[in-house]
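Some notes on the structure that comes next.
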């Protein structure tokens, strides 16, 4: 972690200006695009022995996306962290390649993932995501203004979260989990957007209340326990997450939101007791859920021994394990494996597909990419000056980390399987668009973090002598 | 807030390390077992992606693969399916592999080490890897004659080249069409499998069971050849030595005497020569003879002929034949006429005849003549191997004389071939149902080219009436094809 000694602001005090590192970003983006195009070529050549004519269109489009993203960042967030965008570009490029590869497999073999060309659709969603990315950077010039809309966003977030639960199952239910809105051929997972809204709200709320929440009333076993009446917010979050679990049958979102909230609470108050309380509450809730809800019990039982349920609930995870195991150390090579044997390989199990074709090395590389993305986000949080920005960046970065951990842990059998998506990698419009928004916020905060502080004036002018300041738009 | 932030950052690092460790466990430690899990269809589809080698009989492919362009790219074909089903087995997505499809799978799939150099070449030149071919020892005319003769009965025919052990015919009935179990249409395959599965509780055999090598039956009187061999080997008997042949043989410690087939008399109750006892298949004579020789002599000779409780591979697995436990003299008498716990496969029965035919040397039966690379170059050729030497050449010749007498004057007359001297022995084995009918023999007696065993399950007649004519037809088919009719 970056210590105070390497604080980029120090450069501002000296004579040399803080480097923007936009050139680094551009070079890395170029590298990301190159990897993606090479991967696409390999897929085409391996599977069909020829380059598809769509490849040129794809290449141009994909390149254009990142050129636009880069130009927008250069113009609106020049001091932004240079690694965030390239990480996203590689992950998304790999995801698109794998989806394209599964498209071909579906066409050729009529396997379990047949049914249309999903890669172009995903590219379209990426474009929508980029639009949101640009919009966020252009409209939100200073992340602190978001704090003003905290309660509005909380409301929006809760409504988004609640919609699928209220809707009839025919519209909202997919694979037993009610977390969708399916209208006119489009499937939207509002939970992905709710996650961001709620993180913004948590950040604003916790910054406001952190002093109160940090008040300790009692020491038990070296833990500073909070006052009873301050338990309110954490209990509320807990109840909300339990409600999600009950009404949407979505273990993933429930675990995700509660985890994010507890960690942000811990960061805000610096009291480890909140983590302990969180773990106890969630364990209790999970235990009761296991006892009461059949679908939770099934998930947990299949997780403990997937091979015992390989024809029923364990089918997906067993197929995923086969996929990963067959891939082995080096993988079957792009286009060389049979990742289409795994159900929903384009979305939930895209990590298995990558593990099968790119092997252990490829999958670990992907995990490390996520790690870099997350740690850059956390670094932003360390460096940024205002409390709200700190908490927001930490919350967003941890949200990505936690989601990746829960999803990848699920498809590799480390955790029970959940319905969460792999950020940037998996097929799915809402997830992609929402995560573009998330990264835009991180970029915005990282820009603020690295932006040089205006040099302090030697002698502050008396207020009465100050000229009338022109307020910039 | 920076202190907890750093802890969060470290926690994230720990979580991701957990992920990486777990992925390592799956993709390295457990990789092998996951890859080879029978439920992992990848291996199967990969197998179907390459051209599987052919099983070849006399230059004709009796099992081969043709491309279909479907998910399972290659479809297995069996142009003369029912004729060779006992040998080829089937190659099914649904039911797995049996027969040679299983026993020679490494060669057919192209993974056998003998094809390794070849495979490397395929990789270097970018050719699609394909499997090797398996050329069999079978003789098409002999196999055809065997299957034709067995039409309508449950039974088996095994024909061997006595001098090498090469299997000339391996027939089992009822048969089935392996192609119908090896299609790519699961519904059709299931329906066919159901149609050939005998109804629950019935004693009809499942056609997928190889009667020639997988099932063991009481040997009946063909076992008398082994007891004769033991007698001659003891040095106390020649074919002309007279042995008692009473109408009834009282068994020690048993109230039920041993009688002859149908309660007949062998020689009016008088003693007869060993050769005459074999010619008439006299039960009482051999019961007494076995008791005189003792359990060890009988057991050792049976052992030497291969009836030793050990199975072997041809490369199909042959079930172990045995004479079972012999509790007392009464049991020994029963054993000596091939009843009691004597249980042999038709393959084993053929081996008895083959050993006698080959001057007392038992050659190991084998079905695969050579392994060929996809371009038909031979990469491995089977060398005949001696399994054991149950009797000396002299004793073998004496046994041949005795067995020729069986066909010339005794119970095996229906195995006679015009112009060819045939040696043989009939067997009519009692069991819970109608009698099993056996015949073992070889021809020409002086210079044996083919040894056969014919078995009909619950045929109800005698080995001489039902099995001997089949043996004749099979041997004739082979000898005619060899141009060795004289």
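Protein chains in written order, with this note's numbering: chain A, 770 to 1242; chain B, 3 to 488. A virtual CB, placed ideally from N, CA and C, is assigned to each residue, including glycine. In this text the structure is predicted, and so the values were computed from the model without any measurement.
Original post:
Any Cβ of chain B within less than 9 Å of the Cβ of residue 1136 of chain A?
Top reply: For residue 1136 of chain A, the answer is yes, since a Cβ of chain B falls inside 9 Å of its Cβ.
Original post:
So with Cβ pairs under 9 Å, would you call residue 994 of chain A a contact of chain B?
Top reply: no
Subject >> The beta strand (DSSP E) enclosing residue 79 of chain B, as first and last residue numbers >> reply: 76-79
**OP:** Give the residues from the segment 1102-1126 of chain A that approach chain B closer than 8 Å (Cβ to any Cβ), ordered along the chain.
**Re:** Answer in chain order: 1106, 1107, 1110 and 1124.
**OP:** Just the C-alpha distance for residue 273 of chain B and residue 352 of chain B, rounded to the nearest angstrom, thanks.
**Re:** 30 Å
Original post:
Under 9 Å, do residue 925 of chain A and residue 963 of chain A count as touching if we go by C-beta distance?
Top reply: In this structure, residue 925 of chain A lies near residue 963 of chain A, with their beta-carbon atoms less than 9 Å apart.
**OP:** Could you tell me the boundaries of the alpha helix (DSSP H) in which residue 792 of chain A lies?
**Re:** That run of the alpha helix (DSSP H) goes 791-817.
**OP:** Assuming residue 361 of chain B and residue 387 of chain B form a contact by the criterion Cβ under 8 Å, report the distance between their Cβ atoms to the nearest whole angstrom.
**Re:** About 16 Å separates the two Cβ atoms, so there is no contact after all.
Original post:
residue 37 of chain B versus chain A: which residues are under 7 Å apart at the beta carbon?
Top reply: 1094 and 1095
**OP:** Would you identify the three-state DSSP class for residue 260 of chain B, choosing helix, strand or coil?
**Re:** strand
Original post:
So, are the CB atoms of residue 354 of chain B and residue 214 of chain B less than 9 Å apart?
Top reply: no
**OP:** With DSSP as the reference, label residue 94 of chain B as helix, strand or coil.
**Re:** Secondary structure of residue 94 of chain B (DSSP, three-state): strand.
Subject >> Where the beta strand (DSSP E) through residue 438 of chain B begins and ends >> reply: 438-445
Subject >> Contained alpha helix (DSSP H) runs [length at least 4] in the segment 274-359 of chain B, N- to C-terminal order >> reply: Look at the segment 274-359 of chain B and you find these whole runs of alpha helix (DSSP H), each 4 residues long or longer: 276-281, 285-295, 297-306, 331-338 and 348-359.
**OP:** Would you identify the three-state DSSP class for residue 425 of chain B, choosing helix, strand or coil?
**Re:** Under the three-state reduction of DSSP, residue 425 of chain B is assigned to strand.
Original post:
Touch check for the segment 1175-1188 of chain A and the segment 1083-1100 of chain A: three-plus C-beta pairs under 8 Å?
Top reply: yes
Original post:
How would you label residue 1115 of chain A, buried or exposed, when you count the other beta carbons within 10 angstroms and need 16 or more for buried?
Top reply: Label assigned to residue 1115 of chain A: buried.
Subject >> Distance CB(residue 220 of chain B)-CB(residue 341 of chain B) smaller than 9 Å >> reply: yes
Original post:
Excluding sequence positions up to five away, which residues of its chain have a Cβ less than 7 Å from the Cβ of residue 447 of chain B?
Top reply: 402, 406, 423, 424 and 425
Original post:
Quick one: what's got a C-beta closer than 7 Å to residue 1202 of chain A's C-beta in the same chain, skipping five residues either side?
Top reply: Answer for residue 1202 of chain A: 894, 897, 898 and 901, listed in chain order.
Original post:
Under 9 Å between the Cβ atoms of residue 413 of chain B and residue 230 of chain B?
Top reply: no
Subject >> Contacting residues, own chain, Cβ-Cβ under 6 Å from residue 74 of chain B (five flanking each side not counted) >> reply: 50 and 186
Original post:
The beta strand (DSSP E) with residue 161 of chain B in it runs from where to where?
Top reply: 157-162
Original post:
Does DSSP put residue 372 of chain B in a helix, in a strand, or in coil?
Top reply: strand
Original post:
Taking 9 Å as the CB-CB limit, is residue 776 of chain A close to chain B?
Top reply: Bear in mind that a pLDDT of 48 at residue 776 of chain A, under 50, signals an unreliable position, so the number given afterwards is only what the model happens to contain. No - not a single Cβ of chain B is within 9 Å of the one on residue 776 of chain A.
**OP:** Evaluate residue 1207 of chain A with the Cβ neighbour count: other Cβ atoms within 10 Å of its Cβ, from every protein chain shown; 16 or more gives buried, anything less gives exposed.
**Re:** Counting the other Cβ atoms within 10 Å of the Cβ of residue 1207 of chain A gives 16 or more, which makes it buried.
Subject >> Short Cβ contact (9 Å threshold) for residue 1138 of chain A with residue 860 of chain A >> reply: yes
**OP:** Below 8 Å on the Cβ atoms is my guess for residue 1036 of chain A versus residue 1163 of chain A; work out the distance and round it to an integer in Å.
**Re:** Right, the Cβ-Cβ distance comes to about 5 Å (below 8 Å), so this counts as a contact.
Original post:
Which word fits residue 880 of chain A, buried or exposed, when buried means at least 16 other C-beta atoms lie within 10 angstroms of its C-beta?
Top reply: Note that residue 880 of chain A scores a pLDDT of 46, beneath 50, so its modelled location is shaky; the value from the coordinates is reported in the next line. Buried, because 16 or more other Cβ atoms sit within 10 Å of the Cβ of residue 880 of chain A.
Original post:
Which same chain residues, not among the five before or five after residue 304 of chain B, have their C-beta less than 6 Å away from its C-beta?
Top reply: 228 and 325
Original post:
Assuming residue 1143 of chain A and residue 1166 of chain A make a contact with CB atoms under 8 Å, what is their CB distance in whole Å?
Top reply: Going by Cβ atoms, the distance from residue 1143 of chain A to residue 1166 of chain A rounds to 5 Å, so yes, they are a contact pair.
Original post:
What number of angstroms, rounded off, separates the C-alpha of residue 15 of chain B from the C-alpha of residue 1145 of chain A?
Top reply: Cα atoms of residue 15 of chain B and residue 1145 of chain A: separation of roughly 12 Å, rounded to the nearest angstrom.
Original post:
Just how far apart, CA to CA, sit residue 89 of chain B and residue 864 of chain A?
Top reply: When the Cα atoms are used, residue 89 of chain B and residue 864 of chain A turn out to be separated by approximately 49 Å.
Subject >> Test item: CB-CB of residue 136 of chain B and residue 109 of chain B under 9 Å >> reply: Yes, the pair counts as a contact, with Cβ atoms nearer than the cut-off.
Subject >> residue 281 of chain B, buried or exposed, once every other Cβ within 10 Å from all chains shown has been counted against 16 >> reply: buried
**OP:** To the nearest angstrom, report how far apart residue 821 of chain A and residue 10 of chain B are at their CA atoms.
**Re:** 45 Å
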